[in-house]
Each structure stands twice: as C-alpha cells, then as structure tokens.
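Basically the working numbering = 1-based index in the sequence shown + 4.
Where is the CB? At the ideal position from N, CA and C, for every residue including glycine.
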Amino acid sequence: MTATTSVDPPATTSSVYRGRCKYKSGRCPNERTLKYNGDIHTLCEEHRQRHNQIQCKSDTKIRFVKRQKALLNKLASPHSSTTNSNRRPPSATVTRIKQEHRMDEMALQTSPKKLQPLEFTAPSFDWSDEETFIFTNLMGVATATTEAFVFSV
5 MTATTSVDPP ATTSSVYRGR CKYKSGRCPN ERTLKYNGDI HTLCEEHRQR HNQIQCKSDT
65 KIRFVKRQKA LLNKLASPHS STTNSNRRPP SATVTRIKQE HRMDEMALQT SPKKLQPLEF
125 TAPSFDWSDE ETFIFTNLMG VATATTEAFV FSV
C-alpha cells in the first residue's frame, strides 16, 4: 500500500501594479502601498509615513492653540458656566495676577547692590628651604633658587 501526499502549490503573490505614488511633488516613482484593510493607498510607504508625522505635528499645534484659547477665555469670563465648590472665585485669580504683576514691577525697580571686594591676604607659611624645594618641584615651578639648592646639597 502506497501513501500519496498532495503538495499545495506555493501561494502566488499579488504582483498587480498598484500605480504611482500621488505625492504632491508628482515626481515619486514608487508604487502605492496597501492600507490595512487591503485597499490601495494613494501614497507610497515613505510618503505615507512622512505625511503622518507632519499631520501629527500639526494636530499637536492645533490642540495647544485650543487649550490656550480656552484658558484665556476662562480667565477673561467673570462667570463660569459650571459651578464647583472647589474652584476659586474669579476675584482670587485677578488678585493673584495683580500680585504677580506687582512683583515683576518691584523686581524691575530694585537696583542691584554693589558688592564690596574682599581683602585677600595669602597665608603665611614658615617652610624650610627643603620643603619649599619639594613643593616647587611638585608644582612644576623651576626657579634659579631651587636649582641652587640642588647644587648646594
């Protein structure tokens, strides 16, 4: 009795040309990429990633501007639309802003103090000639007196 095994033919890859990338420069010769759902994307992979980075950066800027406008409107409006017992009254916010403004003005008005120089006197050391010689050699200072000391010893 002989057993036969069937071998499946290798899966053929789809080699259908999907068209050129439609990046705004119009010069990209790369083939368009596939979306996750299998549809054909309008851009090649390189330009798709670049576009995603630019879009992310743009979205971040837009969100930042919206937050700033909301904060400005919140500070400008005397009455808030929501009531919350934990919130400070608007007068407290205005008072805090006025205090910060006063502190800035005070910082600009104060003149810098003039510093008096300190008097510096070198410490006096009573070193022998030998100690002075050793110290100057350790420090790399060669003078005529140290050379004379070497020859006198």
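Proximity below 8 Å, CB of residue i to CB of residue j
| i | j | result |
| --- | --- | --- |
| R52 | T64 | no |
| R22 | P33 | no |
With 16 other Cβ atoms within 10 Å as the buried cut-off, status of residue i
| i | result |
| --- | --- |
| C48 | buried |
| C60 | exposed |
| F139 | exposed |
| F68 | exposed |
| F137 | buried |
Which of helix, strand or coil DSSP assigns to residue i
| i | result |
| --- | --- |
| E35 | strand |
| R24 | strand |
Cutoff 8 Å: residue i Cβ touching any chain B Cβ
| i | result |
| --- | --- |
| R24 | Here chain B cannot be found, since the structure has a single protein chain. |
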